[in-house]
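These notes are about the structure you will find just below.
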Amino acid sequence: MNIEHLRQSLKEKWLGYYQENRLWLNRLGVWVNCEGQRRPSSSFILSALSILEPELTTLLPLVVDLNSNPDRIVIALGLNFNPDEEIKHFAKVKAALEDVKLLPAGSRSYPIAPRTPQRDEDCEGSGRTQT
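The C-terminal residue of the sequence shown carries number 393 in our numbering, and the numbering is unbroken.
Below is the structure:
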């Protein structure tokens with residue numbers, strides 16, 4: 263299991279879930295401040311992700327045995343961020359990528375003719391003059 267792949271997958275799934283359910287999540291009293299980041303509580307994030315990411319349900323029992331502090335688990339999984347700010351950041355990145363103009367593909371490629379090998383038994387190089 264690639265932990266960076268899992269972290270990225272969890273982040274994408276969490277942000278997708280948050281964006282779809284933002285209206286009622288903002289009114290729900292599950293918001294906390296953890297290490298300067300305003301976000302839903304760790305327990306809420308972990309419970310939502312345990313449904314969204316099947317790999318997490320096999321990993322969480324081991325993780326909880328190592329550290330049962332939900333805030334530390336969320337931080338270790340790379341999820342300690344304000345989801346509203348992260349969504350704004352992704353929107354800016356997406357807009358910037360859409361502004362990038364790529365050069366058009368070449369209209370035609372020209373084949374390069376293979377060179378015919380020439381015998382040079384004296385090892386003097388073909389086409390060279392002797393001095």
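Even glycine gets a Cβ: it sits at the ideal position worked out from N, Cα and C.
Quick one: does the C-beta of Gly340 sit closer than 6 angstroms to a heavy atom of the ligand GDP? Annotation note on the ligand GDP: not contained in the displayed structure, which lists no ligands.
With DSSP as the reference, please indicate the residues paired to Val294 in a beta bridge. DSSP output for Val294 lists Arg301 as bridge partner(s).
Enumerate in chain order the residues of its own chain whose CB-to-CB distance from Asn344 is below 6 angstroms, with the five nearest sequence positions on each side excluded. Apart from the 5 residues on each side of it in sequence, Asn344 sits with its Cβ closer than 6 angstroms to the Cβ of Gln299, Arg300, Arg301 in its chain, given in chain order.
Given Thr319, which residues of its chain have a CB within under 8 angstroms of its CB, disregarding the five upstream and five downstream residues? Correct list, in chain order: Ser312.
With a threshold of 16 other CB atoms inside 10 Å of the CB of Ser309, please say whether the residue is buried or exposed. Taking all protein chains shown into account, Ser309 has fewer than 16 neighbouring C-beta atoms within 10 Å of its C-beta and is therefore exposed.
So, using beta-carbon positions, are Leu272 and Leu339 closer together than 7 angstroms? It is a contact, given that the beta carbons lie within the stated cut-off.
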